[in-house]
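As C-alpha cells, the structure follows; a few thoughts come after it.
2 protein chains.
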Amino acid sequence: MTVGIVGTGLIGGSFALAVKELGYTVVGYDASASHLKRAVELNIVESAASLSKLAKECELIAVCVPVDVVANVCEQLLTMQTSATIMELSSTKGVLAKALRNHPKRDQLVLTHPMAGTEFSGPDAAVHGLFKDKTTVLCDLEYSAPERSQQVRKIYEDIGMRCVEQSSEPHDLHVAYVSHISHISSFALSLTVLEKEKDEAQIFNLASGGFASTARLAKSNPDTWSPIFAQNRDHVLDVLDEYINVLASFRTALIKNNFDEVHALMSRANAIGPLLP
Amino acid sequence: MTVGIVGTGLIGGSFALAVKELGYTVVGYDASASHLKRAVELNIVESAASLSKLAKECELIAVCVPVDVVANVCEQLLTMQTSATIMELSSTKGVLAKALRNHPKRDQLVLTHPMAGTEFSGPDAAVHGLFKDKTTVLCDLEYSAPERSQQVRKIYEDIGMRCVEQSSEPHDLHVAYVSHISHISSFALSLTVLEKEKDEAQIFNLASGGFASTARLAKSNPDTWSPIFAQNRDHVLDVLDEYINVLASFRTALIKNNFDEVHALMSRANAIGPLLP
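If you're matching them up, the sequences are chains A and B in order. Numbering of the first sequence is given in the working numbering, commencing with residue 463 and proceeding in unit increments. Numbering of the second sequence is given in the working numbering, commencing with residue 463 and proceeding in unit increments.
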C-alpha cells in the first residue's frame, strides 16, 4: 500500500515514520516547499509529490495540516476523483465536520484525532513512536463508509494506538479540558514569569523540574495554536472561565489566611493522580 | 564524617542517599516513627537515633522538615550544645530567617534551598540523583560562620550541585515565580478538569503528555504545600494576581475574536524556551 502524507510536520512526519515501519511506501506533500524538502532529506517520506499525484497513486492519504486549512485540503482531495481513503488528523472537529457534512463524497473521509504531540513543530520535530500506546479519537463515524473507517482504525491499531469513538461536538469540549487549557495555562505561566522575573539568570538557575514541566508547552508554535483556539473558541472560553474561577478560590483563601481551605483545595486536586498516564 | 538527617522524606531521604554515596555515615531522625522505621528498612539511613543523639554524634546535621516546623527544630538543635553545623533545606526562608536572626548560636546554622523535588513525598519518594546538576541557594550567608558555610557548600558541590548565594527576601520572591505559582497552576488545572469532566474515563483516555506534564504537580502533598503557601503568602499572592491578569488577557482576546493578539501573547511566551532546563 502507498500512503500519502499531506503536511510533513510534527504529526504528519511522525505518522509517516510509524507507517513506514509497517512496511508501507510513504509519499509526502507539503504546502511549504522547504518543509517538504526537509522531510525527504530526513527520510521521513520516501519521495515528494504534488497533491494531485498523491490523489492518483495512494490508497490512503493522511491530512496533517493546521486546523484552519484542513477542511479546504480535504475538499480539494475529494474533488480530485481519487479512490483513496482520506483520513485527517487535526485537533478540532466541529468546524471541519460542519463544513464537509453535506459533501457528496463525505463517506470517503474519516475524521480522527490522535492524542499525541510535543511542544515542537515542523519536519525536524517528527519522532519515532509518538503515537505508541496513546489514544486516537475517531469522530462522526456514521458519516464515513464502514470499510473506510475500518481501514483507518486498522492502521492506528497497527501503529500501537487505542481507538475510541466520539461525536465531533463532545470531542471539542473534551479536548478543551484535557489539552487546550493546559496550553493556555502554560503560555500564561511563561508570560507571568518573563514579565516579572527580569533577571533571566534567576529563571535559569532556579527553575527546577516542576516549573519546567508546567511551562514546557509555552514553547508550542503560535501558528499551530492560534487557529486551534479560534476554531474551539467557545469551549476554550468556558474552560478558561472555570480555570480562572478556581484560581480565584485559591486567591480568596490566601487573602483570608484560610489555609484549611487551601489544604482542602489541594486535597481535592490530588484526585487527578490516578487518572494521569 | 557522620551526617545526621532530620526528616527522612523526599528531600531528607534523597539527601541521605546522595551523602551516603560520598562514603559518609548517615544517621536519621524523624518525628514520625513509621517514617523513620521505613527509612531504615529502605536503607536510606544506616540507623535511627533521637534528636539529642544526632546532636551529640554528628558533625553535620541536615534539617529537612516542613517549613512550619523548621525554625523550631533548628532552635532545638542549637540549644542542645552541639558542635555540629546545622544546615536546613526548606523551601521558604523569610519567616525562618527572622525567627532565628538573633539567636546566640545563629552562626552555626546555614540556610539552604536545593531546587529539586518531585510530586511525591515520604521515605518511599527518596531517589538517587535527585540533586545532581541542580542549583542550591545558600541564603543570608553573612549570618553563618565562614567555615560552616564552606562545609555546606562543599557537600552540595560534592553531590553535584551548583551553589548560588541570595538573601532570604529575594529568594522567597524568586521561588514564588519559579516554583510556587507552578504548583497552584497545576492544582487549579486538576480541579478545573475534575469538576467539569465528570467522565473520568475521558480524562484517562484523552489526557496526552501535555496535560499530564502540566497537571503532574497536582499530585503534590497538601501537608507540605499548605505551610509553604502560608509562609510565602504575600509573594504568592502577588504572583497569582499577575498570573490571573495574564489569563484575563487571553480571555479578552478570545472574547473579542482577536487572534492576532492571541498569537502575539503566545509568541512572547515562546521566549521561555531557551531558559528552561
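Where a beta carbon is used, it is the ideal one built from N, C-alpha and C, also for glycine. Computed from a prediction, not measured in an experiment: that's the story for all the values here.
Cβ distance (whole Å) where residue i is taken to contact residue j below 8 Å
i, j, result
"T676(A)", "S644(B)", "4 Å"
"L716(B)", "L699(A)", "5 Å"
"Q693(A)", "V529(A)", "5 Å"
"D620(B)", "L737(B)", "27 Å between Cβ atoms; not a contact."
"Y705(A)", "T686(B)", "Not quite, the Cβ-Cβ distance comes to about 23 Å (not below 8 Å), so this is no contact."
"P684(A)", "S670(B)", "Not really, about 20 Å apart at Cβ, beyond 8 Å."
Residue i at chain B interface by Cβ criterion, 7 Å
i, result
"P739(A)", "yes"
"S611(A)", "no"
"P528(A)", "no"
"E550(A)", "no"
"H725(A)", "yes"
"A680(A)", "yes"
"Q693(A)", "no"
"E619(A)", "no"
"F593(A)", "no"
"I706(A)", "yes"
"T470(A)", "no"
"M728(A)", "yes"
"V640(A)", "yes"
"S654(A)", "The sequence given here has Thr at residue 654(A), not Ser. Output row for T654(A): interface = yes."
"L702(A)", "yes"
"A407(A)", "No information on residue 407(A) is available, as it lies outside the stretch 463 to 739 that chain A covers here."
"F649(A)", "yes"
"S670(A)", "yes"
"F721(A)", "yes"
Any C-beta of chain A under 7 Å from that of residue i
i, result
"F673(B)", "yes"
"G735(B)", "yes"
"Y491(B)", "no"
"N667(B)", "yes"
"L699(B)", "yes"
"A677(B)", "yes"
"E519(B)", "no"
"I690(B)", "no"
"Y605(B)", "no"
"V614(B)", "no"
"I467(B)", "no"
"T574(B)", "no"
"H565(B)", "no"
"E659(B)", "yes"
"I646(B)", "yes"
"M577(B)", "yes"
"V626(B)", "yes"
"E662(B)", "yes"
"T598(B)", "no"
"S553(B)", "no"
"L709(B)", "yes"
Residues of its chain near residue i, where Cβ-Cβ distance is below 8 Å and the 5 sequence neighbours each way are ignored
i, result
"F712(A)", "V724, L727"
"C536(B)", "V525, I548, E550, L558, L562, L571"
"A588(B)", "T470, G471, L472, G474, G475, S476, A478, L479, A501, L504, I506"
"E519(A)", "T464, G466, V489, A511"
"D569(A)", "Y605, S606, A607, R610"
Proximal residues to residue i (C-beta, below 7 Å), its chain only, five neighbours per side dropped
i, result
"M463(A)", "Y486, E521, L522"
"Y639(B)", "V701"
"M623(A)", "P576, F593, K596, T597, T598"
"Q613(B)", "L522, T547"
"F582(B)", "L472"
"I646(A)", "L702"
"S553(B)", "V529, H575, V637, I690"
"E514(A)", "It is Ser, not Glu, that sits at residue 514(A) in the sequence shown. M542."
"S682(A)", "E581, H645"
"P585(B)", "T470, G471, G475, H497, R500, A501, L504, I506"
Bridge-paired residues (DSSP) for residue i
i, result
"V572(B)", "M549(B)"
"T464(A)", "T487(A)"
"S509(A)", "V489(A)"
"L522(B)", "V465(B), T547(B)"
"L600(B)", "T574(B), E627(B)"
The ligand PLP heavy atom lying under 6 Å from the CB of residue i
i, result
"R610(B)", "Of the ligands one can find in the structure shown there are none, so the ligand PLP has no counterpart to examine."
Cutoff 6 Å; reference residue i; Cβ partners in own chain excluding five residues on either side
i, result
"S630(A)", "K555, G556, A559, C601, D602"
"H633(A)", "K555, V599, C601"
"Q538(A)", "none"
Amino acids of chain D, ordered along the chain, whose beta-carbon sits closer than 9 Å to that of residue i
i, result
"T714(A)", "In the displayed structure, chain D is absent; the protein chains listed are A and B."
Let me know the alpha helix (DSSP H) ranges lying completely inside the region 534-563 of chain B, each 4 residues or longer, listed in chain order. 556-562, all fully within the region 534-563 of chain B.
Please list the segments of the beta strand (DSSP E) lying wholly inside the region 615-687 of chain A, counting only runs of 3 or more residues, in order along the chain. Segments of the beta strand (DSSP E) lying fully in the region 615-687 of chain A: 624-628.
Which residue spans inside the region 679-737 of chain B form an unbroken beta strand (DSSP E) run of at least 3? Counting only runs of 3 or more, we get nothing.
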